[in-house]
Amino acid sequence: MTSATSVTPIFTAVLLLLVTLLAINVSALRIRLKISLGDGGNKTLGKAIRAHANALEHCVPFILLLLFREQQAGCTRELVAIGAAFVLARVAHAAGMLGGPFGLRRLGASLTIVLELWLTLALLRSALA
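Letter by letter, the sequence shown follows residues 4 to 132 of our numbering.
Here's what the structure looks like:
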C-alpha cells in the first residue's frame, strides 16, 4: 500500500457493518420475543444488547484512532495489520458474547484493548516527537 491509499474508510465500513449486524440481531430477537424495551429479563436478549453496545463502544474510538494515525503516518502495513486484527478481535468478542466459547470473548476483549493502547501510544509518540 502506498501512503496515498487510505484504509480507514475500508475498516470503518467493515466495523460499522459488524455493529449494524449486531443491531439487526437485537431487533430480530426483540420481534421474536415480543420485548420492546430493555431485555425483559431474557438472558439471550441481554447478551445481544451488550454485544451490540460493546462493539459500538470500541469501534467508534478505534476508527478515530485509526484515522488520526493514518493522517500522521500514512497508510502503512502496520496500520493495515492493526485494522485487520481489530476486526478479527471484534468478531471474536461478539461471537463469544453471543454464545460462543468464553475464551473467544476473552481473546477478543484482550486484543481489542492491546490494539487500542498501541494506536493511542503511537499517536502520542508521534504528536510529542
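All residues carry an ideal CB built from backbone N, CA and C; glycine is no exception.
All figures in this text were calculated on a predicted structure; none of them were measured in a lab.
State the start and end residues of the unbroken alpha helix (DSSP H) segment that holds N57.
Stepping through the sequence shown from its first residue, residue 57 is reached at position 54. From DSSP, the alpha helix (DSSP H) with N57 extends over K46 to A76.
How should L131 be labelled, buried or exposed, when 16 other C-beta atoms within 10 angstroms of its C-beta is the threshold for buried?
The residue labelled residue 131 in the question sits at position 128 within the sequence shown. It is exposed - the Cβ of L131 has fewer than 16 other Cβ atoms within 10 Å.
Helix, strand or coil for A88, going by three-state DSSP, please let me know.
If you number the sequence shown from 1, residue 88 lands on position 85. The answer is helix: DSSP assigns A88 an H, G or I state.
When the Cα atoms are used, what is the spatial distance from L68 to A112?
As a working note, residue 68 is residue 65 in the sequence shown. As a working note, residue 112 is residue 109 in the sequence shown. Their Cα atoms are separated by approximately 17 Å.
In whole angstroms, what separates the C-alpha of A56 from that of A76?
For the purposes of this step, residue 56 is taken as the residue at position 53 of the sequence shown. For the purposes of this step, residue 76 is taken as the residue at position 73 of the sequence shown. Rounded to whole angstroms, A56 to A76 spans 30 Å at the Cα level.
Just checking, does the region 18-28 make contact with the region 90-100 on the three C-beta pairs under 8 Å criterion?
Segments in contact, yes.
Taking all protein chains shown into account, do 16 or more other C-beta atoms lie within 10 angstroms of the C-beta of I116, making it buried, or fewer, making it exposed?
Mapped onto the sequence shown, residue 116 falls at position 113. Exposed.
By a C-beta neighbour count over all protein chains shown, 10 Å radius and 16 as the cutoff for buried, is A54 buried or exposed?
Locating residue 54 in the sequence shown gives position 51, counting from the first residue. A54 should be labelled buried.
By how many angstroms is the C-alpha of L110 removed from the C-alpha of T47?
To locate residue 47, count along the sequence shown from 1; it is residue 44. To locate residue 110, count along the sequence shown from 1; it is residue 107. Cα to Cα, the separation comes out at about 21 Å.
Whole angstroms are fine: how far does the CA of L127 sit from the CA of I85?
On the sequence shown, residue 85 is found 82 positions in, with the first residue counted as 1. On the sequence shown, residue 127 is found 124 positions in, with the first residue counted as 1. Cα-Cα distance, rounded: 17 Å.
Using CA coordinates, which residue listed in A26, T123 and V83 is at the minimum distance from E15?
As a working note, residue 15 is residue 12 in the sequence shown. Note on identity: in this sequence residue 15 is Thr, with Glu being the wrong assignment. Taking only the C-alpha atoms, the option nearest T15 is V83.
Can you grab the Cα-Cα spacing for the pair F105 / A97, in whole Å?
Translated into the one-based positions of the sequence shown, residue 105 becomes position 102. Translated into the one-based positions of the sequence shown, residue 97 becomes position 94. C-alpha separation (whole angstroms): 10 Å.
May I have the straight-line CA-CA distance separating S30 from G103, to the nearest angstrom?
Taking the first residue of the sequence shown as 1, we reach residue 30 at position 27. Taking the first residue of the sequence shown as 1, we reach residue 103 at position 100. Distance between the alpha carbons of S30 and G103: 20 Å.
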